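Asker: To start, I am sharing the structure in question, which I have written as structure tokens.
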Amino acid sequence: MSDRIYNVLLVSFSRHSHQASFIPAFTENPRIRIIGVADDENIENDLRSLNRKWAAQLRVPYYEGIKTAIERPEVDIVSIGHEIERRAEIAIFAANAGKHLWIDKFIGANRAECQAVVDAVVTAGVKSIIPSYIYNDLVSQSSKLMETGRLGELIAMHIEILFGKGIPKPIPLESRKAIFLEAGRWKFTDIKREILTVGAYAVALVQQFFDPITEIYGQGGAFFFPEHAAHGADDFGTISLVDKSGRIATISAGRNGVASHSAGGPNQAFFFGTHGTGRVDGKRPGIEAHLR
Numbered sequence: 004m005s006d007r008i009y010n011v012l013l014v015s016f017s018r019h020s021h022q023a024s025f026i027p028a029f030t031e032n033p034r035i036r037i038i039g040v041a042d043d044e045n046i047e048n049d050l051r052s053l054n055r056k057w058a059a060q061l062r063v064p065y066y067e068g069i070k071t072a073i074e075r076p077e078v079d080i081v082s083i084g085h086e087i088e089r090r091a092e093i094a095i096f097a098a099n100a101g102k103h104l105w106i107d108k109f110i111g112a113n114r115a116e117c118q119a120v121v122d123a124v125v126t127a128g129v130k131s132i133i134p135s136y137i138y139n140d141l142v143s144q145s146s147k148l149m150e151t152g153r154l155g156e157l158i159a160m161h162i163e164i165l166f167g168k169g170i171p172k173p174i175p176l177e178s179r180k181a182i183f184l185e186a187g188r189w190k191f192t193d194i195k196r197e198i199l200t201v202g203a204y205a206v207a208l209v210q211q212f213f214d215p216i217t218e219i220y221g222q223g224g225a226f227f228f229p230e231h232a233a234h235g236a237d238d239f240g241t242i243s244l245v246d247k248s249g250r251i252a253t254i255s256a257g258r259n260g261v262a263s264h265s266a267g268g269p270n271q272a273f274f275f276g277t278h279g280t281g282r283v284d285g286k287r288p289g290i291e292a293h294l295r
């Protein structure tokens, strides 16, 4: 096995990104070295201060100017935690510069941008990864269940992943935004679209067991939180997926109240096979205690 050390450039600690949570994975790997933090020159003062804080904490330089920083010859991997609306542009530039990519989900703001990133990675011959639930307990336990063959042939599944954060409040009708958000708009200063960002974890699980998806139906418009309703940005919703074999998967995902679940929100999968059904809870074993 090669003992090469890979140098990682962290691009932005933008609000709602997971850049900070990636740092332990980098610092605990003896073959990874963080060598810098970079962001655009014209950014909000709060974000610039946060970027500088992390650079100081990691004892690495802070670069103003993303493209110039990416082009530095010592950079091997670019970890992209910028706003979703900017990720495709940065990822394509980094791939064309011959850099490997670690990209916070999603890789683009719409399908065309995502495909453009895929094409750039393939053309450049670099490696890319999007951190997801693919390695977590829910997926690994589900895989073990399916490998036993006890359920027979899988014909349907339901995935429920909800993050418990925030306090739900009554939402007056006049405070709801009537028009659903345009495609490609993901984040605001105070919230992000949760069915898309959290639902991605569930979709990754579906893709492990289903053939390529041919039909998708999503539904939103109901809200737990007034800040989401005011923007017309879903805090939770449902998605139905049909693969090329006609099998159906349903997903319930998003954000619910902080006190609604003892382990921070349900994280479970239900499998329906020709010989039986099964349920996998990614938060088990656990203890539930509720106070009212």
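Read in order, the letters of the sequence shown are residues 4 to 295 in our numbering.
Glycine included, each C-beta is placed from N, C-alpha and C at the ideal position.
Just so it is clear, the structure is predicted and the values come from calculations on it, not from any experiment.
How about residue 12 and residue 121: are their beta carbons less than 7 Å apart?
Answerer: In the sequence shown, residue 12 corresponds to position 9, counting from 1. In the sequence shown, residue 121 corresponds to position 118, counting from 1. No, these two residues do not count as a Cβ contact at 7 Å.
Asker: From this set, 36, 70 and 45, which residue's C-alpha is nearest residue 14's C-alpha?
Answerer: The residue given as residue 14 occupies position 11 in the sequence shown. Residue 70 is the option with its Cα nearest to residue 14.
Asker: On the three-pair Cβ rule with 8 Å, is the stretch 217-227 touching the stretch 44-53?
Answerer: No, the stretch 217-227 is not in contact with the stretch 44-53.
Asker: Which one of 253, 89 and 114 has the shortest CA to CA distance from residue 272?
Answerer: Locating residue 272 in the sequence shown gives position 269, where the first residue counts as 1. Considering only alpha carbons, the answer is 253.
Asker: Around the Cβ of residue 277, are there at least 16 other Cβ atoms within 10 angstroms (buried) or fewer (exposed)?
Answerer: For the purposes of this step, residue 277 is taken as the residue at position 274 of the sequence shown. Looking at its Cβ environment, which holds fewer than 16 other Cβ atoms inside 10 Å, residue 277 is exposed.
Asker: Report yes or no: do the stretch 87-102 and the stretch 111-119 share at least 3 C-beta pairs separated by less than 8 Å?
Answerer: Result yes; three or more Cβ-Cβ pairs closer than 8 Å.
Asker: Tell me where the beta strand (DSSP E) around residue 11 begins and ends.
Answerer: Along the sequence shown, read from residue 1 onward, the residue named residue 11 stands at position 8. Taken as a continuous stretch (DSSP letters only), the beta strand (DSSP E) holding residue 11 covers 9-14.
Asker: Taking all protein chains shown into account, do 16 or more other C-beta atoms lie within 10 angstroms of the C-beta of residue 118, making it buried, or fewer, making it exposed?
Answerer: Within the sequence shown, residue 118 is the residue found at index 115, counting from 1. Under this definition residue 118 is an exposed residue.
Asker: Name the DSSP bridge partner or partners of residue 280?
Answerer: By 1-based counting over the sequence shown, the position of residue 280 is 277. DSSP output for residue 280 lists 275 as bridge partner(s).
Asker: So, is residue 259 buried or exposed, given that buried needs 16 or more other C-beta atoms within 10 angstroms?
Answerer: Residue 259 sits at position 256 when you count from the first residue of the sequence shown. With 16 or more Cβ atoms within 10 Å of its Cβ, residue 259 is classed as buried.
Asker: Quick one, are the C-beta atoms of residue 2 and residue 163 less than 7 Å apart?
Answerer: Residue coverage of the chain in this structure runs from 4 to 295, which leaves residue 2 outside it and unanswerable.
Asker: Just to check my reading of the structure: residue 79 and residue 108 have Cβ atoms closer than 8 Å, yes? What is that Cβ distance to the nearest angstrom?
Answerer: In the sequence shown, counting from the first residue as 1, residue 79 sits at position 76. In the sequence shown, counting from the first residue as 1, residue 108 sits at position 105. Their Cβ separation, rounded to whole angstroms, is 22 Å, which puts residue 79 and residue 108 out of contact at 8 Å.
Asker: What is the DSSP secondary structure of residue 122, counted as helix, strand or coil?
Answerer: As a working note, residue 122 is residue 119 in the sequence shown. Three-state DSSP puts residue 122 in a helix.
Asker: Mark residue 130 as exposed unless 16 or more other C-beta atoms lie within 10 angstroms of its C-beta, in which case mark it buried.
Answerer: As a working note, residue 130 is residue 127 in the sequence shown. Counting Cβ neighbours within 10 Å, residue 130 comes out exposed, since fewer than 16 surround it.
Asker: May I ask you to report which of helix, strand or coil DSSP gives residue 180?
Answerer: Stepping through the sequence shown from its first residue, residue 180 is reached at position 177. Coil at residue 180, not helix or strand.
Asker: Locate the alpha helix (DSSP H) running through residue 297, then write down its first and last residues.
Answerer: In the structure displayed, the chain extends from 4 to 295; residue 297 sits before or after that span and is not available.
Asker: Taking the CB atoms as reference points, tell me whether residue 285 and residue 274 lie closer together than 7 Å.
Answerer: Here residue 285 corresponds to residue number 282 of the sequence shown, with the count starting at 1. Here residue 274 corresponds to residue number 271 of the sequence shown, with the count starting at 1. Taking 7 Å as the Cβ cut-off, residue 285 and residue 274 do not qualify as a contacting pair.
Asker: Taking the alpha carbon of residue 173 as the reference point, which residue from 233, 194, 106 and 209 has its own alpha carbon closest?
Answerer: Residue numbering aside, residue 173 sits at position 170 when the sequence shown is read from its first letter. It is 233 whose Cα lies nearest to the Cα of residue 173.
Asker: Near residue 97, what residues of its chain come up, given a Cβ to Cβ distance below 7 Å and the 5 sequence neighbours on each side ignored?
Answerer: Position 94 of the sequence shown, counted from the first residue, corresponds to residue 97. Only 73, 81 and 104 meet the Cβ criterion.
Asker: Please list, in chain order, all residues of the same chain as residue 44 whose beta carbon is under 7 Å from its beta carbon, the five residues on each side excluded.
Answerer: Against the sequence shown, residue 44 aligns to sequence position 41. So the qualifying residues of the chain are 67 and 68.
Asker: Beta-carbon within less than 6 Å of residue 246's beta-carbon, same chain only, minus the 5 sequence neighbours each way: which residues are those?
Answerer: Translated into positions along the sequence shown, residue 246 becomes position 243. Same-chain partners within the cutoff: 213, 214 and 216.
Asker: Give me the Cα-Cα distance between residue 144 and residue 132, rounded to the nearest whole angstrom.
Answerer: Position 141 of the sequence shown, counted from the first residue, corresponds to residue 144. Position 129 of the sequence shown, counted from the first residue, corresponds to residue 132. Straight-line Cα distance between these residues: approximately 22 Å.
Asker: Among 77, 127 and 75, which one has its Cα closest to the Cα of residue 99?
Answerer: As a position in the sequence shown, residue 99 is number 96, starting the count at 1. Checking every option, the nearest Cα to that of residue 99 belongs to 127.
Asker: Here's the rule: buried if 16 or more other CB atoms are within 10 angstroms of the residue's CB, otherwise exposed. What is residue 211?
Answerer: Stepping through the sequence shown from its first residue, residue 211 is reached at position 208. Exposed, by the Cβ-count rule.
Asker: Is it buried or exposed, residue 220, if we count other Cβ atoms within 10 angstroms and call 16 or more buried?
Answerer: For this step, residue 220 is matched to residue 217 along the sequence shown. Exposed, because fewer than 16 other Cβ atoms sit within 10 Å of the Cβ of residue 220.
Asker: Identify the continuous alpha helix (DSSP H) that holds residue 202 and give its terminal residues.
Answerer: One-based indexing of the sequence shown puts residue 202 at position 199. First-last of the alpha helix (DSSP H) with residue 202: 197-212.
Asker: How is the alpha helix (DSSP H) around residue 105 delimited, first residue to last?
Answerer: To locate residue 105, count along the sequence shown from 1; it is residue 102. Taken as a continuous stretch (DSSP letters only), residue 105 belongs to no alpha helix (DSSP H), being part of the beta strand (DSSP E) at 103-106.
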